[in-house]
Amino acid sequence: AISPLENPMTIRGLRRDIARLKTELTKKEMGI
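Take the sequence shown: its letters are residues 282 to 313, numbered as in the numbering used here.
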């Protein structure tokens, strides 16, 4: 397994994907 210190870009990408998923869920809840 790659540690966060070795591959910060992967962590950054995952966080961005999670944020995007949260945004999509919020939009669905609001009915947009």
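In this text, a Cβ means the ideal position worked out from N, Cα and C, and glycines have one as well.
What you are looking at is a predicted structure, and each value in this text was computed from that prediction instead of being measured.
Three-way DSSP call (helix, strand, coil) for residue i in this model
i	result
Ile292	helix
Ile313	coil
Close-in-space but distant-in-sequence residues of the same chain around residue i (CB under 7 Å, 5 per side omitted)
i	result
Met311	none
Contacts around residue i, its chain only, beta-carbon distance under 6 Å, and the 5 residues preceding and following it disregarded
i	result
Arg293	none
Close Cβ partners of residue i (< 8 Å) along its chain, the five nearest in sequence each way excluded
i	result
Leu295	none
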